[in-house]
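Okay, so here's the structure we're looking at.
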Amino acid sequence: MIRKVIPHAEYAHIGGSGTWCDDFPENIGFEGVKILDTDMEFETPFGTTVAMKLFEISADVTADHKPHVVLDMPFHGWFGLSPYLDTPSERAFWVLKEAGVKWIIADGSGGGINPLLDPGDVIIPDDLIDQTKRVSYISKFTDKIVRMRDIVCPDLAAILYNEALKEYPRVFGRGTYAVDEAPRFETKAEIQRLYDQHCDICGHTMMPEAALARAIGACYAAIYLVSNTAEGINPDWKRPIFDLYAECADKFGRIVLRTLAAIDPSKKECRCKDYLMEVPGRVQERMNAK
Ligand SMILES: [Zn+2]
Numbered sequence: 000m001i002r003k004v005i006p007h008a009e010y011a012h013i014g015g016s017g018t019w020c021d022d023f024p025e026n027i028g029f030e031g032v033k034i035l036d037t038d039m040e041f042e043t044p045f046g047t048t049v050a051m052k053l054f055e056i057s058a059d060v061t062a063d064h065k066p067h068v069v070l071d072m073p074f075h076g077w078f079g080l081s082p083y084l085d086t087p088s089e090r091a092f093w094v095l096k097e098a099g100v101k102w103i104i105a106d107g108s109g110g111g112i113n114p115l116l117d118p119g120d121v122i123i124p125d126d127l128i129d130q131t132k133r134v135s136y137i138s139k140f141t142d143k144i145v146r147m148r149d150i151v152c153p154d155l156a157a158i159l160y161n162e163a164l165k166e167y168p169r170v171f172g173r174g175t176y177a178v179d180e181a182p183r184f185e186t187k188a189e190i191q192r193l194y195d196q197h198c199d200i201c202g203h204t205m206m207p208e209a210a211l212a213r214a215i216g217a218c219y220a221a222i223y224l225v226s227n228t229a230e231g232i233n234p235d236w237k238r239p240i241f242d243l244y245a246e247c248a249d250k251f252g253r254i255v256l257r258t259l260a261a262i263d264p265s266k267k268e269c270r271c272k273d274y275l276m277e278v279p280g281r282v283q284e285r286m287n288a289k
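87 is the number that numbering that gives the first Met the number 0 gives to position 88 of the sequence shown; each next residue is one higher, with no gaps.
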């Protein structure tokens, strides 16, 4: 249902294949969540969003003893929308910007390029290479220059890593994510090239999310299940990826909620916001004159 007013929220969860097989956040075994609203669609300059939820993590379980209000969207805000033709990420981030979101956790899955990664492992990348050819709408979100230094917030990534270790024996706390164009997977030759470029995992969603998060001044980190081996590097995978999604949904849901609860804004040490560069006035005037 279309909502006229975007609620205020400082936290957001961008759901993906890590959590899509369960009813997040109600049904994953985490005490302290209260649903505030559901089925919230919003009109944006890019079109109507998917239906989002709004929930609150109780002050009883948060690190700063304050309630954390979280905007939550399923499957990267893509449902029924083409990530290239319909700009669903831009629709979603428009709402996050208007809501005042400062902290974003995303989840997903990807193909393991690094030979050390097995299906069922978990990785929290610290960098990315964007291989997509999509149009960039970053300038619709900020008039500042977006640096991509430490594009994954080290504060959030550290919390995610600690929480992931409570659910998984093998968690990798850094790595490079190659962003390819959905919905197809990569060829063997494409994966060999990504391997040569030191990419560890490939997937479809980390961009434009990471750049848009920076553009709206929010910290962003994402956690991925290795759902399969990338083509040609490791032996072909044996188990259907959807079986792994069904198994990981509760665990990923708890990791996400515990991470959102563990964020304490007063303990923030990252410099994410410093990497948005102001354009000097004279340059801005010349840009505006064109
Ligand atoms: Zn940060």
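Using N, Cα and C, we set each Cβ at its ideal position, and we do this for glycine too.
* Asked: If Ile-158 and Tyr-194 are in contact, beta carbons under 8 Å, what's the gap, nearest whole angstrom?
  -> Counted from its first residue, the sequence shown places residue 158 at position 159. Counted from its first residue, the sequence shown places residue 194 at position 195. Not really, about 30 Å apart at Cβ, beyond 8 Å.
* **Near ligand 1: Leu-155 beta-carbon under 7 Å from a heavy atom** => The residue you call residue 155 lines up with position 156 of the sequence shown. Indeed, a heavy atom of ligand 1 lies less than 7 Å from the Cβ.
* CB of Cys-218 to nearest heavy atom of ligand 1: below 7 Å? -> Here residue 218 is taken as the residue at index 219 of the sequence shown, counted from 1. Yes, Cβ of Cys-218 sits closer than 7 Å to a heavy atom of ligand 1.
* Hey, out of His-75, Ser-57, Ile-262, Lys-132, whose CA is closest to Ala-105's CA? -> Translated into the one-based positions of the sequence shown, residue 105 becomes position 106. Here the closest residue by C-alpha is His-75.
* Any heavy atom of ligand 1 closer than 7 Å to the Cβ of Cys-20? -> Sequence index remark: in the sequence shown, residue 20 carries index 21 (1-based). No, the beta carbon of Cys-20 sits no closer than 7 Å to any heavy atom of ligand 1.
* Excluding the 5 residues preceding and the 5 following Thr-175 in the sequence, name in chain order all residues of the same chain whose CB lies nearer than 7 Å to its CB. => The residue given as residue 175 occupies position 176 in the sequence shown. Result list for Thr-175: Pro-124, Asp-126, Leu-127, Ile-128, His-197, Cys-198, Asp-199, in chain order.
* To do: Count the other CB atoms, across all protein chains shown, that sit within 10 Å of the CB of Met-286; report buried if there are 16 or more and exposed otherwise.
  => Locating residue 286 in the sequence shown gives position 287, counting from the first residue. Exposed is the call here.
* Asked: Is there contact here, the region 201-208 with the region 109-122, by at least three beta-carbon pairs under 8 Å?
  -> yes
* Asked: Based on the DSSP output, what are the partners of Val-178 in its beta bridges?
  -> Against the sequence shown, residue 178 aligns to sequence position 179. Its beta-bridge partners are Asp-129, Gly-202.
* Cβ pair Thr-18, Ala-217 closer than 8 Å -> Taking the sequence shown and counting its residues from 1, the one referred to as residue 18 is at position 19. Taking the sequence shown and counting its residues from 1, the one referred to as residue 217 is at position 218. The answer is no: Cβ separation not under 8 Å.
* Asked: Any heavy atom of ligand 1 within a distance shorter than 7 Å of the CB on Cys-247?
  -> Within the sequence shown, residue 247 is the residue found at index 248, counting from 1. With a cutoff of 7 Å, Cys-247 does not count as near ligand 1, since its C-beta is closer than that to no heavy atom of the ligand.
* Between Cys-201 and ligand 1, is the CB less than 7 Å from at least one heavy atom? -> Residue mapping note: residue 201 aligns to position 202 of the sequence shown, counting from 1. Not so, every heavy atom of ligand 1 lies at least 7 Å from the Cβ.
* Can you list the alpha helix (DSSP H) stretches of 4 or more residues lying completely in the region 5-35, in chain order? -> none
* Smallest Cα separation from Ile-215: which of Glu-9, Lys-3, Gly-252, Ser-16? -> Your numbering for residue 215 matches position 216 in the sequence shown. Among Glu-9, Lys-3, Gly-252, Ser-16, the Cα nearest to that of Ile-215 belongs to Glu-9.
* Among Glu-185, Ile-222, Arg-148, which has the Cα closest to the Cα of Tyr-167? -> The count along the sequence shown starts at 1 and reaches residue 167 at position 168. The residue with the shortest Cα to Cα distance from Tyr-167 is Ile-222.
* Asked: What number of angstroms, rounded off, separates the C-alpha of Met-0 from the C-alpha of Asp-235?
  -> Counted from its first residue, the sequence shown places residue 0 at position 1. Counted from its first residue, the sequence shown places residue 235 at position 236. Going from the Cα of Met-0 to the Cα of Asp-235 covers about 43 Å.
* Cα-Cα separation between Phe-78 and Lys-96, rounded to whole angstroms -> Taking the sequence shown and counting its residues from 1, the one referred to as residue 78 is at position 79. Taking the sequence shown and counting its residues from 1, the one referred to as residue 96 is at position 97. Those two C-alpha atoms are separated by around 20 Å.
* Segment limits, alpha helix (DSSP H) that includes Tyr-194 -> Indexing the sequence shown from 1 puts residue 194 at position 195. Where Tyr-194 is concerned, the enclosing alpha helix (DSSP H) stretches over 187-195.
* Quick one: Cα of Ile-56 to Cα of Trp-102, how far? -> Taking the sequence shown and counting its residues from 1, the one referred to as residue 56 is at position 57. Taking the sequence shown and counting its residues from 1, the one referred to as residue 102 is at position 103. Going by the C-alpha atoms only, they are around 14 Å apart.
* If you compare alpha carbons, which of Arg-213, Ile-190, Leu-259 is closest to Asn-227? -> On the sequence shown, position 228 is the one that residue 227 refers to. Of the listed residues, the one whose Cα sits closest to Asn-227 is Ile-190.
* **Given Ile-150 as reference, the closest of Thr-43, Met-206, Ser-16 once Cα atoms are compared** => Along the sequence shown, one-based indexing puts residue 150 at 151. Closest option to Ile-150, judged by alpha-carbon separation, among Thr-43, Met-206, Ser-16: Met-206.
* What's the gap between the Cα of Phe-54 and the Cα of Ile-34? -> Locating residue 54 in the sequence shown gives position 55, counting from the first residue. Locating residue 34 in the sequence shown gives position 35, counting from the first residue. C-alpha separation (whole angstroms): 4 Å.
* Which residues share a DSSP beta bridge with Val-145? -> As a working note, residue 145 is residue 146 in the sequence shown. In DSSP, Val-145 forms a bridge with Leu-275.
* Asked: Within 7 Å: the Cβ of Cys-269 and any heavy atom of ligand 1?
  -> What you label residue 269 is simply residue 270 of the sequence shown in a count that begins at 1. It does: the Cβ of Cys-269 is within 7 Å (strictly closer) of some heavy atom of ligand 1.
* Under the rule that 16 or more other beta-carbon atoms within 10 Å means buried, what is Phe-241, buried or exposed? -> Position 242 of the sequence shown holds residue 241. Looking at its Cβ environment, which holds fewer than 16 other Cβ atoms inside 10 Å, Phe-241 is exposed.
* Would you verify that the beta carbon of Asp-85 is, or is not, closer than 8 Å to some beta carbon of chain B? => Although the question refers to chain B, the structure presented lacks it and comprises just one protein chain.
* When burial is assigned at 16 or more other CB atoms within 10 Å of the CB, is Ser-138 buried or exposed? -> Counted from its first residue, the sequence shown places residue 138 at position 139. Exposed, because fewer than 16 other Cβ atoms sit within 10 Å of the Cβ of Ser-138.
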